Structure formats: C-alpha cells, structure tokens
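Quick note, the sequence shown lines up with residues 323 to 530 if you use the working numbering. Each residue gets a CB set at the ideal place from its N, CA and C atoms; glycine is no exception. Everything numeric in this text was worked out from a predicted model, so none of it was measured. Report on the structure given below.
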Amino acid sequence: MENWDLSSDEKQDWNAPELDLIEEQNPVTHDDENANPEEVVGDTRSPVQNILGKFEGDINKTLHIKRKRMETYIKDSFKDSNQKLEQLWKTNKQERKKINNKFCEQYITTFQKFDMDVQKFNEEQEKSVNNYQKEEQALKLSKCSQSQTLEAIKDMHEKYMEGLMNLETNNYNVLFDVDGELRKEMSVFKKDLMKHTLKYSSTFPSSD
Numbered sequence: 323m324e325n326w327d328l329s330s331d332e333k334q335d336w337n338a339p340e341l342d343l344i345e346e347q348n349p350v351t352h353d354d355e356n357a358n359p360e361e362v363v364g365d366t367r368s369p370v371q372n373i374l375g376k377f378e379g380d381i382n383k384t385l386h387i388k389r390k391r392m393e394t395y396i397k398d399s400f401k402d403s404n405q406k407l408e409q410l411w412k413t414n415k416q417e418r419k420k421i422n423n424k425f426c427e428q429y430i431t432t433f434q435k436f437d438m439d440v441q442k443f444n445e446e447q448e449k450s451v452n453n454y455q456k457e458e459q460a461l462k463l464s465k466c467s468q469s470q471t472l473e474a475i476k477d478m479h480e481k482y483m484e485g486l487m488n489l490e491t492n493n494y495n496v497l498f499d500v501d502g503e504l505r506k507e508m509s510v511f512k513k514d515l516m517k518h519t520l521k522y523s524s525t526f527p528s529s530d
C-alpha cells in the first residue's frame, strides 16, 4: 500500500466535519513525548482506511452506474434492430403482394385475350367450312396470334421471376447491413466496457 503524506495544503482541502472526525478518532496529546511509534502509526491508520473505503465506495458506485447505462444502451440497440427487422418483413410482404397483384392482372388479361382468339378462330372456322382458302388463312392467323400470346406469357413469367429474385436480393442486403451494424455496436460496447473497467480497476489497487 502506498504511503500517504498529507501536507498542510491537502489538510486545508478537507472540510471541517472530516477534520473533527479525525481529531475525535485520533486525539493529539503532547504530554507523552515518549509514546511508542507503532501506537502512533496504528492511530493514524484508521482515518486513512476510512478515506480509502470512501474512495472504494465511490468507484464501485460509478462502475455500477456505467454498467446500468451500458445495459440500457444495449437493450435499446436490440429494440431498434428488432424494429428494423419488423419493418423489413412488413415491406417485403407488401412488395410481394404488389408484384403478385400486378402479374396476376396481366395473366388474367392475357388468358382472356387467348380465349377470345380461340373463340374467334372457331367462329371463322364455322364460317369458312365450305371455303378451304379462308379456313387456311384463318388457321394461320390463329396460330400466329396464339404464338404471340404464348410468347407474351413466357416473357411476363420471366419478368415475374426476375422481380422476385431482385426483391430477395435486396432483402438479403438489408438484413446483412442490419446484422453488420449490430455486430459493430456490440464490439464498440465491449471495448468501452473493458476500457472503463481497466480504468477504475487501476485507480484502486487491490489489497492482499
């Protein structure tokens, strides 16, 4: 334990109650000039231990407050991350619904056109039963129309799948960013906690 040398200036910094307490616990007697030095050291050790105990209490209180603040900050960070994830899933659900509705309408319109073309072909076929050339021409027109319709369906399906893949990629990137931010914040909290712990541990040396 380090030796404590209390100068006159340091004594002036103490408030009156502390000086009175020291004087009460260690009354100074000038009558006995031949007092044992070990007894004198034992008398002055009590106020020093009181001061050290006060320092230790202040340090423990400060560390407790720091720990509580960090726990609150970590809880708030987890809460914020959960809110971001909930918002992400909500947005993802809305985007999926929007894409499904869009392509569902296009599919319905396309199949309706396909049915109309088939119906038109049947009508033309009935009208041209006795006319081979008209029947052949109607067949060619119908095949061409059906081919274009099938090509349009194929193209819409590819765009639909591409839209879903882009949505999944964007969601993965957002999740990756949220996870990275959370890991970064936890790393900063850990370093800050270790720094404060080492700082206050070195301030008050452990006694054997």
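Asked	Found
Rounded straight-line distance, which links the Cα of lysine 513 to that of serine 368	38 angstroms
Through-space distance from methionine 508 to isoleucine 475, alpha-carbon basis	50 angstroms
Contact belief for glutamine 428 with methionine 483 at Cβ below 8 angstroms, rounded distance in angstroms	Not confirmed; about 14 angstroms, so no contact.
Cutoff 6 angstroms; reference leucine 410; Cβ partners in own chain excluding five residues on either side	Val496
Touching by the beta-carbon criterion (3+ pairs, under 8 angstroms), the segment 396-405 and the segment 436-448	no
Any 3 or more C-beta pairs closer than 8 angstroms across the segment 428-437 and the segment 465-474	yes
Proximity of leucine 486 and methionine 392 at Cβ, strictly below 8 angstroms	no
Inter-residue spacing [alpha-carbon to alpha-carbon] between lysine 412 and glutamate 490	14 angstroms
C-beta contact flag for phenylalanine 511 and isoleucine 387 at 8 angstroms	no
Straight-line gap, leucine 472 to asparagine 492 (C-alpha atoms, nearest Å)	30 angstroms
Separation of arginine 389 from isoleucine 373, as counted between CA atoms	24 angstroms
Phenylalanine 436 beta carbon near the ligand SAM (any heavy atom closer than 7 angstroms)	Among the components modelled here there is no ligand, and therefore nothing to report on the ligand SAM.
C-alpha distance - aspartate 530 paired with arginine 505, whole-angstrom precision	Since pLDDT at aspartate 530 reaches only 47, below the 50 mark, its modelled position is unreliable, and no value is offered.
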